[in-house]
Amino acid sequence: MAELDTSGGGKHKGGKVRSKKQSTRVDLTAMVDLAFLLITFFIMTTTLAKPKAMDLAMPDKDEKTKDQMDIAASRSMTILLGSDDKLEWYIGEPGKSAPTIDNFGPNGLRKTLIEKSKEVQQKTGKYMFVVIKPSDKSKYKNMVSTLDEINIANIQSYGIVDISAPEIELLKKDGLYNDNK
Numbered sequence: 002m003a004e005l006d007t008s009g010g011g012k013h014k015g016g017k018v019r020s021k022k023q024s025t026r027v028d029l030t031a032m033v034d035l036a037f038l039l040i041t042f043f044i045m046t047t048t049l050a051k052p053k054a055m056d057l058a059m060p061d062k063d064e065k066t067k068d069q070m071d072i073a074a075s076r077s078m079t080i081l082l083g084s085d086d087k088l089e090w091y092i093g094e095p096g097k098s099a100p101t102i103d104n105f106g107p108n109g110l111r112k113t114l115i116e117k118s119k120e121v122q123q124k125t126g127k128y129m130f131v132v133i134k135p136s137d138k139s140k141y142k143n144m145v146s147t148l149d150e151i152n153i154a155n156i157q158s159y160g161i162v163d164i165s166a167p168e169i170e171l172l173k174k175d176g177l178y179n180d181n182k
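Yeah, the sequence shown ends on 182 if you go by the numbering used here, and it's all consecutive.
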């Protein structure tokens, strides 16, 4: 607020009449408060607007990794990404356990990952390893959804591997390898 000092000295007898010296003072408290509020607002919004990405480390295509881990089949779950936003999964080696067709979402893949992870943890005392095998008929969003579901289910170990010919035949047999894109 602006303040005006109008207090003048008393009239002196016999003195000259002089003009009053008025001081003007602007109170900037409200302006400083507004500045700090704006600074706080912009700092907070830039912090919240930062893009979040999931870390994914992929091996080089040219190099054969010499430090490959051997994982027991009872600890591994293979997810085959098919067409029409569907997937097929099995535990262990192909052909030894019945494959199951599933979908994405909380009642599909997420529920399966959480249940099977707990089963593997109880049976073996170790964490489950998930192998993701996208087919050429699957969509990119299905791969992203699969990685999101793995992250939500708190699966620590997973890998992305090329799909094999017998697995493509399995998808064809179950109607998950269509040309509908």
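Heads up, the beta-carbon is just placed ideally off N, CA and C, and yes, glycines get one too. Quick caveat: nothing in here was measured; it's all calculated off a predicted structure.
query: For Asp103, which residues does DSSP report across the bridge?
result: Taking the first residue of the sequence shown as 1, we reach residue 103 at position 102. Bridge partners of Asp103 according to DSSP: Leu88.
query: Any idea which residues DSSP pairs Phe37 with across the strands?
result: Position 36 of the sequence shown, counting from 1, holds the residue named residue 37. For Phe37, DSSP assigns no beta-bridge partner whatsoever.
message: Just list the residues that DSSP pairs Ala32 with in beta bridges.
response: Translated into the one-based positions of the sequence shown, residue 32 becomes position 31. Rather than Ala, the amino acid found at residue 32 in this sequence is Met. By DSSP's assignment, Met32 forms no beta bridge with any residue.
- prompt: What are the boundary residues of the beta strand (DSSP E) that Ile161 is part of?
  reply: Locating residue 161 in the sequence shown gives position 160, counting from the first residue. Ile161 -> beta strand (DSSP E) spans 158–161.
Reduced DSSP category for Lys182 - H, G, I as helix; E, B as strand; rest coil: Your numbering for residue 182 matches position 181 in the sequence shown. Residue confidence is low: Lys182 scores 48 on pLDDT, short of 50, so the model does not pin down where it sits. No coordinate-derived value is stated.
Minimum C-alpha distance to Leu88 - residue among Thr48, Asp137, Asp71: Against the sequence shown, residue 88 aligns to sequence position 87. Closest by alpha carbon: Asp137.
field: Closest residue to Asn155 among Phe130, Leu38, Glu170 (Cα-Cα distance)
entry: Here residue 155 corresponds to residue number 154 of the sequence shown, with the count starting at 1. Comparing Cα positions, the closest option is Phe130.
message: Within a Cβ cutoff of 8 Å, which residues of the same chain sit near Lys182, ignoring the five residues on either side of it in sequence?
response: Counted from its first residue, the sequence shown places residue 182 at position 181. Note on Lys182: pLDDT 48, under 50, position unreliable in the model; the coordinate value appears next. Correct list, in chain order: Ser84, Lys138, Lys140.
field: Val33 classed as buried or exposed, judged by whether at least 16 other C-beta atoms fall within 10 angstroms
entry: Working through the sequence shown from its first residue, we reach residue 33 at position 32. Burial call: exposed.
- prompt: What's the C-alpha gap between Lys134 and Phe37?
  reply: Counting from 1 along the sequence shown, the entry for residue 134 is found at position 133. Counting from 1 along the sequence shown, the entry for residue 37 is found at position 36. Taking the straight line joining both Cα atoms gives about 52 Å.
message: Here's a check: name, in chain order, each residue in its chain whose Cβ is nearer than 8 Å to the Cβ of Ile102, leaving out the five neighbours to either side.
response: Indexing the sequence shown from 1 puts residue 102 at position 101. Residues of the same chain with a CB within less than 8 Å of the CB of Ile102, apart from the 5 flanking positions on each side, are Lys87, Leu88, Glu89, Asp175, Leu177 in chain order.
query: Is it right to say Glu116 is buried, meaning 16 or more other beta carbons lie within 10 angstroms of its own, or is it exposed?
result: Residue mapping note: residue 116 aligns to position 115 of the sequence shown, counting from 1. Label assigned to Glu116: exposed.
query: By DSSP, does Pro167 sit in helix, in strand, or in coil?
result: Along the sequence shown, read from residue 1 onward, the residue named residue 167 stands at position 166. In this structure, Pro167 counts as helix in the three-state DSSP scheme.
- prompt: According to the neighbour-count rule (16 or more other Cβ atoms, all chains shown, within 10 Å of its Cβ), is Thr25 buried or exposed?
  reply: As a position in the sequence shown, residue 25 is number 24, starting the count at 1. Under this definition Thr25 is an exposed residue.
query: Between Tyr159 and the rest of its own chain, which residues show a CB-CB distance below 6 Å, the 5 nearest in sequence each way excluded?
result: Counting from one through the sequence shown, the residue named residue 159 turns up at place 158. These residues qualify, in order along the chain: Val131, Ile151.
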